[in-house]
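Numbering (the numbering used here), first residue to last: 818 to 1010. The C-beta atom is built at its ideal place from N, Cα and C for all residues, glycine as well. Please read these numbers as outputs of a predicted model, since none were measured by experiment. Worksheet for the structure shown next.
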């Protein structure tokens, strides 16, 4: 995970030679057809995001193809009745697990999946992540707060405590970032609220 997560930083810091070597290493060795469960949130922000930003910096279409492959393998996480993502997915089988999640993991996917949609011209990635964000937002309390843990199959909170730290923080952050990055007025309205 570290080479992909760090590749864009190498280029931004001017380490082109190291970046080029690392990029070739990634393309040669990183394969997603593995019978393993991965945590969707972490894989999305680190690997999917890393591949996308590195593609945008280098123009290396192999990185975009890898990102699309990974994004496609992650899509089954959204197959819950309300469209809220499961915590984990098997990259080979598409089986999911982890029905209890949190707003940071259900509502912090749109930047990466939206960027993947924009670059591949395949709206499914944006649509699935946007639905998850909206479904999280729709479950706010009467005073506008989200809870800490939610069952993605039922859409019911399993812990209604609210705060602005771990498990919730990036949910708010992505509302604003999705407005800025995609001009999505619904995200702006949710952020303003």
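Tell me whether residue i sits in a helix, a strand or coil according to DSSP, three-state version.
i, result
"residue 843", "helix"
"residue 903", "coil"
"residue 981", "coil"
"residue 997", "helix"
"residue 863", "helix"
"residue 956", "coil"
"residue 914", "strand"
"residue 971", "coil"
Note down the Cα distance separating residue i from residue j, rounded to an integer number of angstroms.
i, j, result
"residue 1002", "residue 947", "12 Å"
"residue 985", "residue 858", "13 Å"
"residue 865", "residue 955", "27 Å"
"residue 963", "residue 973", "11 Å"
"residue 909", "residue 870", "24 Å"
"residue 979", "residue 959", "13 Å"
"residue 957", "residue 918", "15 Å"
"residue 922", "residue 855", "13 Å"
"residue 945", "residue 838", "34 Å"
"residue 913", "residue 996", "29 Å"
"residue 975", "residue 851", "32 Å"
"residue 933", "residue 939", "8 Å"
"residue 998", "residue 977", "30 Å"
"residue 875", "residue 937", "16 Å"
"residue 1010", "residue 961", "8 Å"
Quick one: what's got a C-beta closer than 6 Å to residue i's C-beta in the same chain, skipping five residues either side?
i, result
"residue 994", "928"
"residue 950", "924, 927"
"residue 920", "953, 963, 985, 988"
"residue 861", "926, 929"
"residue 905", "854, 856, 914, 915"
"residue 872", "880, 881"
"residue 849", "886, 887, 890, 908"
Residue range of the beta strand (DSSP E) that residue i falls in?
i, result
"residue 967", "966-968"
"residue 855", "854-856"
For residue i, which residues from the same chain have a beta carbon less than 7 Å from its beta carbon, with the 5 sequence-adjacent residues on both sides left out?
i, result
"residue 867", "821, 822, 824, 825"
Where does the unbroken alpha helix (DSSP H) through residue i begin, and where does it stop?
i, result
"residue 763", "Since the first residue shown for the chain is 818 and the last is 1010, residue 763 is missing from the structure and cannot be characterised."
"residue 826", "819-829"
"residue 961", "Premise fails: residue 961 is in no alpha helix (DSSP H) and is neither H nor E."
"residue 909", "Where residue 909 is concerned, there is no enclosing alpha helix (DSSP H), given that its DSSP letter is neither H nor E."
"residue 920", "920-923"
Looking only at its own chain, which residues have a Cβ that is under 8 Å from the Cβ of residue i, when we skip the five neighbours before and after it?
i, result
"residue 779", "This structure cannot speak to residue 779, because the chain is shown only from 818 to 1010."
"residue 863", "818, 821, 822"
"residue 983", "921"
How about residue i: is its C-beta nearer than 8 Å to some C-beta of chain B?
i, result
"residue 879", "Of the chains in the structure shown, none is chain B; there is only one protein chain."
Query - the segment 891-909 touching the segment 962-977, judged by at least three CB pairs closer than 8 Å - result: yes
**Report entry** the segment 887-896 / the segment 826-838 touching (three or more Cβ pairs under 8 Å)
**Finding:** no
Requested in this report: Could you tell me whether the segment 830-846 touches the segment 870-886, using the rule of 3 or more Cβ pairs below 8 Å?
Outcome: yes
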